[in-house]
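Chains as they are written, first to last, in our numbering: chain A, 1128 to 1283; chain B, 1128 to 1283; chain H, 1128 to 1283; chain G, 1128 to 1283.
Encoded structure:
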């Protein structure tokens, strides 16, 4: 576990702001970053009517689940490149982050998406120079595991 | 290739209406069913500001792509159970459809999601009594292949 | 965590014997069951010339890795049905186990397969009446994580 | 569709020889390259007792299926880098090919692996500078589709 330096904390905050405020689809879901470090990210969102996928059971749409796992995995993969980023001049930072992209994603829908508040957690399994592999999990507020996922991201 | 009977066409229309109008998250994306048969489904949606994932490149959010592939795959898996559905009394129809659910999904993000109108197509690879496997593809209006996916659905 | 009863231990031993001795391809790899419970399985195998996939780097063939993750995941999914198995008459036991089958598998090759002895571990993420989802990991004797996987199995 | 030049044909033959003769685990399975081009590969193998995974049904081991899909996908990804390879001096060729590696693989086991002769086909869905995505299918000699797969390979 690494402790982030001042410069790194600044870049983590930049990422937090980018994901919460500048990505329209994340705003639509209401995705908030609860915590972010160089190796782990937690995000959270609340149930609301727009997110329903099953009109009978009133559960989360599978697409909301995959969107949140994708975003949370992409966020931790982005955090993972901070330590080797070229931050001078500062305007290249967004450019470097915008090159991080999901190549593929697997989502396992384990249980119906019932709940009021959902928390997604993402960890880096491996961070290479070109590719990072991340694992994600989504729990509701009663700590029921609703879905897990694995993502492969291009990071360089 | 099977030709749908009158009863089957009625159920396909029921599914079309369900997916377009009764699933809030599909409405949010603006997902329309272009065509639906017992073995193949085409859906379509248009780019709008809410669906952007990359603020620099103005491309589709990965979550929009996975949501649409998930929904289109789930739709064809639902269509695939029509031939063996018990449709009497009619109020069991929604109940039977609402039991169809994605177990897992893989999405491959092949190219950036640029475009104005996107079309997703889903086919059934195998339809068993318990599980169906579907394959999906997303193209833009210039027929550029943006993503492919594979889903496993519980169908019985 | 459940403690296995005498009957359950008997069935776990039956599975161990089946996987080690009656599945020719597992014998070819030299796969041994190190431990088995109703929720977790550990298997092990040693490097030998036949298992090489990269002649330059002398590392494990990707297919050996996916085979071992598949087998170890299938084994834990089989163990997972023991508590609700019908064991009378005893000759239905093999029949019930032989219906357990992998529906789909994802393997993430994280690091080159270097090593002398490899250990795979599988856990059940969710065990339903029809489908079980398992997660697997492969380490070498220096505890380097070489690969992870996720499998979906039909169990009923 | 590209037509291979003389230099390219030489490299395709080099790959064919490498996969058939120099990878011990492919020899164990008895994997033969039926055809190879810059964009598509067909491989073939015959059933034999060592490849059995289900002693009751006498079907292919899931690991054989995933191994063959992995190898066939890796082969087409390797073929895909030929057009931009640096072939001078010639001893760097093996080095370049040996850097191609599967990052992740999804296998869908659609039907039991019954048959005498199995054919795997792999296509490139996308070939980038760093990553290639491939899709594979396995049929038996009666053209029954037994499994499909999707692989992501590092190619640069």
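For each residue, glycine too, the CB sits at the ideal point set by N, CA and C.
| query | result |
| --- | --- |
| Just to confirm my understanding: we take residue 1262 of chain B, look at its own chain, exclude 5 residues before and 5 after, and list those with CB closer than 6 Å. What are they? | 1250, 1252 and 1277 |
| Kindly indicate which residue of B/1149, B/1164 and B/1186 has the alpha-carbon position closest to the one of residue 1149 of chain A. | B/1186 |
| Between the Cα of residue 1134 of chain G and the Cα atoms of G/1230, G/1240, G/1214 and G/1243, which residue gives the shortest distance? | G/1214 |
| Please check if any C-beta of chain B sits within less than 7 Å of the C-beta of residue 1213 of chain A. | no |
| Entirely within the stretch 1218-1258 of chain B and at least 3 residues each: give me those beta strand (DSSP E) ranges in chain order. | 1228-1236 and 1244-1254 |
| Can you list the residues of chain G that residue 1256 of chain A reaches, using a CB-CB cut of under 8 Å? | Correct list: empty, because the minimum Cβ distance to chain G is about 10 Å. |
| Please tell me whether residue 1230 of chain B has its Cβ less than 7 Å away from any Cβ of chain H. | yes |
| What does DSSP give as the partner residues of residue 1173 of chain G in its beta bridges? | G/1244 |
| Tell me, please, which residues DSSP counts as bridged to residue 1187 of chain G. | G/1179 |
| Show which residues of chain G have a CB atom less than 7 Å away from the CB atom of residue 1132 of chain A. | Those do not exist, as residue 1132 of chain A stays about 29 Å from chain G at its closest Cβ, beyond 7 Å. |
| Using 8 Å as the Cβ pair cut-off and three pairs as the minimum, do the stretch 1269-1283 of chain H and the stretch 1226-1241 of chain H touch? | yes |
| Taking all protein chains shown into account, do 16 or more other C-beta atoms lie within 10 angstroms of the C-beta of residue 1259 of chain G, making it buried, or fewer, making it exposed? | buried |
| Could one say the Cβ of residue 1141 of chain H lies closer than 7 Å to chain G's Cβ atoms, at least one of them? | no |
| Tell me the DSSP secondary structure of residue 1207 of chain G in three-state form. | coil |
| What residue range is occupied by the uninterrupted beta strand (DSSP E) comprising residue 1281 of chain H? | 1272-1281 |
| Could you tell me which of A/1227, A/1181, A/1266 and A/1230 sits nearest to residue 1226 of chain B, measuring between CA atoms? | A/1181 |
| Which same chain residues, not among the five before or five after residue 1173 of chain B, have their C-beta less than 8 Å away from its C-beta? | 1157, 1243, 1244 and 1245 |
| Which first and last residues belong to the beta strand (DSSP E) in which residue 1159 of chain B is found? | 1159-1163 |
| Is there at least one Cβ from chain B nearer than 7 Å to residue 1146 of chain A's Cβ? | no |
| With 8 Å as the limit, tell me which residues of the stretch 1234-1266 of chain A have their beta carbon closer than that to any beta carbon of chain H; keep them in chain order. | 1235, 1237, 1238, 1252, 1253, 1260 and 1262 |
| By DSSP's criteria, residue 1154 of chain A is part of a beta bridge. Which residues make up the other side? | Answer by DSSP bridge pairing: none, since residue 1154 of chain A is not bridged. |
| Which residues share a DSSP beta bridge with residue 1168 of chain B? | B/1163 and B/1249 |
| Cβ of residue 1132 of chain G within 6 Å of any heavy atom in the ligand MG? | Summarising the ligand content, the structure contains no ligands, and the ligand MG is consequently not present. |
| Relative to the alpha-carbon of residue 1141 of chain H, which residue among H/1160, H/1155 and H/1152 has its alpha-carbon at the smallest distance? | H/1160 |
| Once the 5 residues before and after residue 1195 of chain A are set aside, which same chain residues still bring their CB inside 6 Å of it? | 1247 |
| State buried or exposed for residue 1199 of chain A, treating a residue as buried only when at least 16 other CB atoms are found within 10 Å of its CB. | buried |
| Please determine, among A/1273, A/1209 and A/1197, the residue with the shortest C-alpha to C-alpha distance to residue 1166 of chain A. | A/1209 |
| Measuring CB to CB, does residue 1202 of chain H end up less than 7 Å from residue 1168 of chain H? | yes |
| Determine the DSSP secondary structure at residue 1261 of chain H, reduced to helix, strand or coil. | strand |
| Taking just the CA atoms, how far does residue 1222 of chain A sit from residue 1183 of chain B? | 8 Å |
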